Amino acid sequence: NEDIQELEKLGKEMVQYCGGLPLAVIVLGGILASKKSLEDWEAVKKNIKAYLGRGNNLIEEQGNVHKILALSYDDLPHKLKPCFLYLSKFDEDSNIDVETLYQLWIAEGMILVTDCIGEELMMDVAERYLGELVKRSMVQGIAPKIPSLFKYFSSCRLHDLMRDLCLRKAEEESFLLSVSYDDQKGNSSNSFLSRQQFYRLVIRLSGTRMPKFVPLEKRVTRHLRLRGLLVDAITPEMMMFQLNQFKMLRVLAIEGFSFQKPSCKDVFSFLVDQLKLLKAVGKLIHLRYLSFYGSNLLCLPSSIANLQHLQTLDLRQTQILIIPNVLWKLKQLRYLYLPDKLIDCCKLKIFRSKFRLDGLNNLEILENCCIPICHTKDISKLKNLRSLSAKVFVNLEDPTEIIQYISNSNHLRHTSLTIECYEDSAAASTEKLSSAIGKCFSCCNLQVLFVVGPIANLPKYEAHFCPALTELSLRGSYITEDPMEILEMLPNLHLLDLDTCSFVGKEMRCTVSHFPQLRYLTLWKLPNLEKWWVDDGAMPNLSNLRVFDCKNLEMIPIGLKSITTLNELKIMYMPKEFTDRIKVVDGREGADFHKVSHIPSIIIRD
1 NEDIQELEKL
11 GKEMVQYCGG
21 LPLAVIVLGG
31 ILASKKSLED
41 WEAVKKNIKA
51 YLGRGNNLIE
61 EQGNVHKILA
71 LSYDDLPHKL
81 KPCFLYLSKF
91 DEDSNIDVET
101 LYQLWIAEGM
111 ILVTDCIGEE
121 LMMDVAERYL
131 GELVKRSMVQ
141 GIAPKIPSLF
151 KYFSSCRLHD
161 LMRDLCLRKA
171 EEESFLLSVS
181 YDDQKGNSSN
191 SFLSRQQFYR
201 LVIRLSGTRM
211 PKFVPLEKRV
221 TRHLRLRGLL
231 VDAITPEMMM
241 FQLNQFKMLR
251 VLAIEGFSFQ
261 KPSCKDVFSF
271 LVDQLKLLKA
281 VGKLIHLRYL
291 SFYGSNLLCL
301 PSSIANLQHL
311 QTLDLRQTQI
321 LIIPNVLWKL
331 KQLRYLYLPD
341 KLIDCCKLKI
351 FRSKFRLDGL
361 NNLEILENCC
371 IPICHTKDIS
381 KLKNLRSLSA
391 KVFVNLEDPT
401 EIIQYISNSN
411 HLRHTSLTIE
421 CYEDSAAAST
431 EKLSSAIGKC
441 FSCCNLQVLF
451 VVGPIANLPK
461 YEAHFCPALT
471 ELSLRGSYIT
481 EDPMEILEML
491 PNLHLLDLDT
501 CSFVGKEMRC
511 TVSHFPQLRY
521 LTLWKLPNLE
531 KWWVDDGAMP
541 NLSNLRVFDC
551 KNLEMIPIGL
561 KSITTLNELK
571 IMYMPKEFTD
581 RIKVVDGREG
591 ADFHKVSHIP
601 SIIIRD
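Have a look at this one:
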């Protein structure tokens, strides 16, 4: 009891140093949370007094608050300091995707295999490290709204003051330099770049042109991140010259870039220019992380196989249609995000052979895997695979094998499957898709399912249906019977999208005590829907509801009134008669306003 009283006394004394700023109090609490003894608390108080008593050259003199924040950094275990400093590379006020963050930490050597405990993977260690930073209140962790690959966080962010500290420390320790370039004002950081050695460079472009000065020689030895959209100022020759200077690069992220020169009129010249650039990338043999996310590359060179240390390859949202069949040679590859455009290759039937994945024994994440291109037999050999996102065109490939693989693979933590049919007769499409969705509903490990195409009606409910399914999206299904009778029985469904003609009947009902886990519901372009009933007690955990372009829906259901968890209602492209019923105009409530008046956020757009 005496120790508790003394701890309380020390705590109150230290809080006085926080200047009334909640962040400083929270951060101080994060420091003290890791201290278990009275002696540890006294040491923290002594450190705070030492910080306040000296003109700390490491930070600007802006009061005690900044010094307490600086103390929180100095109190970090050595292994967490680079992880924290790395956050300085992200934009202000941005939500940082943890999947990307973890892979960057791993690529930079901040997470090692030797850090794993028991059956942990390095991504698990990264989540544990982020958890420590969140526990210390240095980082704000954002929990996933829907079950996903990561249990505790989907994204994270920094408070403005904490980010200021992070940027200062990163520059002072030559850890990372962030340069913002505005082609209208010029770059004020050039003089600093010319005299300061650092290991990582982030270039942010707020204009359209590449900065005329990028430090060459060996000033940037580990990490180059170019962000922004280059419209007309960068040439492959310029980029190739720059990259040839950075032989020790571990991380290269060229995201949202257009490499096309204004003078380039034909695709052939465009391809030649890009191959020149990518030839330089193929020489960066120390690369661990390579991302072209959102860039307009059309092909990859075979020299990509030279990157034998590569762990992450991100080709999402690119225009790539041609990938040499050499990725199987990248034995250290752990995280592979294939381009969305590969799906177009399937539709155009321009692929010549199966895309080899055998030999990628370290692969943990495989996204945008198109089964007509990738062989299920190769996927089944990936024993370390933890996350799989695949797409099957049922008129090109029987989905049975991939569905069975997902169902029998207990090592998979996150699974997503898209089932689609195109260029087939209506009857054949319906039969193939109906058979496929029946198999999907019996798959015990499937978590996310997208169905595109006609299925007429859902399979009859059985007790073993979809025990793990958390997200379901139906589009163009042309279901005639009320789908809610089946879907509301799914025990773990968190998100449901009924999109474009997924249901073509006139009436739909959500009954009491069903949809127990549903958080997000979207009704989008259901042209025949007229009446929708929601019983009291239905969807007890619904938080977000969207009703878009259901032209014949008469009114919002009165049952929404009993859903106290509903935080946002979004109405778009609905008839004026419908929206007028839930609006308040000149103090006059619409006829249905009482049904939604408890919802904190109501968004109505024509």
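1 is the number of the first residue of the sequence shown in full-length UniProt numbering; add one for each residue after it.
Yeah, the Cβ is synthetic: ideal placement off N, Cα and C, and Gly gets one too.
This structure is a prediction, so every number in the text was calculated from the model and none was measured.
Looking only at DSSP bridge pairs, what is residue i linked to?
{"i": "alanine 33", "result": "According to DSSP, which records beta bridges pairwise, alanine 33 is partnered with nothing at all."}
{"i": "glycine 559", "result": "According to DSSP, which records beta bridges pairwise, glycine 559 is partnered with nothing at all."}
{"i": "aspartate 314", "result": "Ser291, Tyr337"}
{"i": "aspartate 128", "result": "In the sequence under discussion, the amino acid at residue 128 is arginine, which differs from the aspartate named in the question. Answer by DSSP bridge pairing: none, since arginine 128 is not bridged."}
{"i": "phenylalanine 355", "result": "Cys374"}
{"i": "glutamate 568", "result": "Asn544, Ser601"}
{"i": "valine 134", "result": "According to DSSP, which records beta bridges pairwise, valine 134 is partnered with nothing at all."}
{"i": "cysteine 441", "result": "For clarity, residue 441 is phenylalanine in the given sequence; the question names cysteine instead. Paired residues: none, contrary to the question."}
{"i": "tryptophan 532", "result": "Met508"}
{"i": "phenylalanine 450", "result": "Thr418, Ser473"}
{"i": "arginine 588", "result": "Val585"}
{"i": "cysteine 299", "result": "Ile322"}
{"i": "serine 178", "result": "Val202"}
{"i": "cysteine 550", "result": "Its beta-bridge partners do not exist; DSSP assigns none."}
{"i": "leucine 366", "result": "Leu336, Leu388"}
{"i": "isoleucine 479", "result": "Phe503"}
Less than 8 Å between the CB atoms is what I'm expecting for residue i and residue j, so what's the real figure, rounded?
{"i": "proline 516", "j": "lysine 551", "result": "Not really, about 31 Å apart at Cβ, beyond 8 Å."}
{"i": "aspartate 549", "j": "lysine 570", "result": "The pair is not a contact, with the Cβ atoms about 12 Å apart (cut-off 8 Å)."}
{"i": "alanine 143", "j": "tyrosine 129", "result": "About 17 Å separates the two Cβ atoms, so there is no contact after all."}
{"i": "leucine 315", "j": "tyrosine 335", "result": "11 Å between Cβ atoms; not a contact."}
{"i": "leucine 553", "j": "leucine 560", "result": "Not a contact, Cβ separation roughly 13 Å."}
{"i": "isoleucine 146", "j": "arginine 546", "result": "With a Cβ gap of about 15 Å, isoleucine 146 and arginine 546 do not count as contacting."}
{"i": "threonine 522", "j": "aspartate 497", "result": "5 Å"}
{"i": "aspartate 358", "j": "lysine 331", "result": "Rounded, the Cβ-Cβ distance is 11 Å, inconsistent with contact."}
{"i": "isoleucine 379", "j": "tyrosine 405", "result": "7 Å"}
{"i": "valine 394", "j": "alanine 436", "result": "5 Å"}
{"i": "leucine 388", "j": "leucine 366", "result": "5 Å"}
{"i": "glutamate 127", "j": "tyrosine 102", "result": "7 Å"}
{"i": "threonine 511", "j": "aspartate 536", "result": "Contact doesn't hold; Cβ gap of about 10 Å is too wide."}
{"i": "leucine 69", "j": "leucine 161", "result": "6 Å"}
{"i": "residue 607", "j": "asparagine 368", "result": "Coverage of the chain is limited to positions 1 through 606, which leaves residue 607 absent and any answer about it impossible."}
{"i": "cysteine 116", "j": "methionine 110", "result": "Wrong, their Cβ atoms sit about 14 Å apart, outside the cutoff."}
{"i": "serine 72", "j": "valine 134", "result": "Actually they are not in contact, since the Cβ atoms of serine 72 and valine 134 sit about 13 Å apart, beyond 8 Å."}
Do you know how far the Cα of residue j is from the Cα of residue i?
{"i": "glutamate 61", "j": "arginine 168", "result": "The pLDDT assigned to glutamate 61 is 38, lower than 50, so where the model puts this residue is not dependable, and the model offers no usable value."}
{"i": "phenylalanine 292", "j": "histidine 414", "result": "24 Å"}
{"i": "lysine 9", "j": "glycine 29", "result": "14 Å"}
{"i": "glutamate 420", "j": "leucine 433", "result": "7 Å"}
{"i": "serine 148", "j": "serine 137", "result": "23 Å"}
{"i": "asparagine 541", "j": "leucine 87", "result": "34 Å"}
{"i": "leucine 290", "j": "threonine 318", "result": "13 Å"}
{"i": "valine 125", "j": "leucine 277", "result": "35 Å"}
{"i": "tyrosine 199", "j": "leucine 243", "result": "15 Å"}
{"i": "alanine 31", "j": "leucine 363", "result": "According to the sequence shown, residue 31 is isoleucine rather than alanine. Approximately 37 Å between the Cα atoms of the pair."}
{"i": "leucine 298", "j": "glycine 256", "result": "14 Å"}
{"i": "isoleucine 322", "j": "lysine 283", "result": "20 Å"}
{"i": "asparagine 325", "j": "valine 392", "result": "20 Å"}
{"i": "aspartate 183", "j": "cysteine 444", "result": "Legend: pLDDT at aspartate 183 = 45, less than 50; position of this residue unreliable, value from coordinates given subsequently. In a straight line, the C-alpha of aspartate 183 is about 54 Å away from that of cysteine 444."}
{"i": "glutamate 120", "j": "glutamate 577", "result": "56 Å"}
{"i": "threonine 312", "j": "glutamine 5", "result": "52 Å"}
{"i": "methionine 572", "j": "valine 98", "result": "31 Å"}
{"i": "valine 220", "j": "proline 467", "result": "In this prediction, valine 220 has a pLDDT of 45, which is less than 50 and means its spatial position is unreliable; what the coordinates show is noted afterwards. Each residue's alpha carbon lies about 50 Å from the other."}
{"i": "lysine 45", "j": "serine 34", "result": "14 Å"}
{"i": "alanine 253", "j": "valine 25", "result": "37 Å"}
{"i": "glutamate 431", "j": "alanine 107", "result": "46 Å"}
{"i": "glycine 438", "j": "lysine 377", "result": "22 Å"}
{"i": "tryptophan 41", "j": "aspartate 93", "result": "33 Å"}
{"i": "methionine 14", "j": "asparagine 47", "result": "11 Å"}
{"i": "glutamate 471", "j": "asparagine 492", "result": "9 Å"}
{"i": "leucine 333", "j": "histidine 494", "result": "32 Å"}
{"i": "leucine 490", "j": "phenylalanine 441", "result": "10 Å"}
{"i": "asparagine 56", "j": "arginine 163", "result": "In this predicted model, asparagine 56 has a pLDDT of only 43, less than 50, meaning its place in the structure is not dependable; the value taken from the coordinates is given anyway. Answer to the nearest angstrom: the Cα atoms are 18 Å apart."}
Quick one: complete beta strand (DSSP E) runs, 3+ long, within the segment 488 to 525? 495 to 499, 507 to 510, 520 to 524
Every unbroken beta strand (DSSP E) inside the segment 377 to 433 [3 residues or more]: 387 to 393, 414 to 420
So, does the segment 443 to 462 touch the segment 473 to 484, judging by three or more C-beta pairs under 8 Å? yes
Which complete beta strand (DSSP E) runs does the UniProt domain "Disease resistance protein winged helix" (90 to 166) hold, if anything under 3 residues is left out? 140 to 142, 155 to 157
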